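For reference, the structure is listed below as structure tokens.
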Amino acid sequence: DLIKSFGADVVVNYREQNLMEALKGRDFDLVYDTVGGYEHWEIAQASMKSTGYFVTIVGDGGSFLKTVTSFLWRKMYGKVFRGPQYSLFLTDTTSPAVVEDMKKM
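What follows is the structure, given as structure tokens:
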């Protein structure tokens, strides 16, 4: 309900729904990822406009070097091939700050 109050059209709980099925055939402007991992980026690309944005608060996990390398590659790929843009969203982890930061998106 909180995310819907920000204006989200669709909210997917990956524990209760198959992510691929929930996003299939969609044409999103923005996908906000709170789980992370390459597979979520891959699935989201198929459900986004070419001018869309994929924002993650997690990245792929693993080492700092791997996270930075993946971030830079996806950022460059989106610009070069005019596909969805990839962003890493860092925020304060206290609830009021997170809510305010998400509203700004």
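Under the working numbering, think of the first position of the sequence shown as 961, with each following residue one higher. Yeah, the Cβ is synthetic: ideal placement off N, Cα and C, and Gly gets one too. Keep in mind that this is a model prediction, so the values were computed, not measured.
Got a sec? Which residues, its chain only, sit under 7 Å from residue i by beta carbon, not counting five neighbours each side?
| i | result |
| --- | --- |
| Gly996 | Thr1016, Val1018, Gly1019, Asp1020, Gly1021 |
| Met1008 | Phe988, Val991, Phe1014, Pro1044 |
| Leu1048 | Thr1016, Gly1019, Phe1031 |
Does the distance from the C-beta atom of residue i to that of residue j stay below 9 Å?
| i | j | result |
| --- | --- | --- |
| Ile963 | Leu979 | no |
| Asp989 | Tyr974 | no |
| Val970 | Ala982 | yes |
| Ser1030 | Tyr998 | yes |
| Lys984 | Ala1006 | yes |
| Ser1010 | Arg1042 | yes |
Which residues in the same chain have their Cβ closer than 6 Å to the Cβ of residue i, if we skip the five residues on either side of it in sequence?
| i | result |
| --- | --- |
| Lys1035 | Tyr1046 |
Quick one: grab the DSSP three-state call for residue i.
| i | result |
| --- | --- |
| Leu1050 | coil |
Counting only runs of 4+ residues fully inside the stretch 972-1032, write out the alpha helix (DSSP H) ranges in chain order. If only complete runs of 4 or more residues are kept, the stretch 972-1032 shows the alpha helix (DSSP H) at 979-983, 998-1005, in order along the chain.
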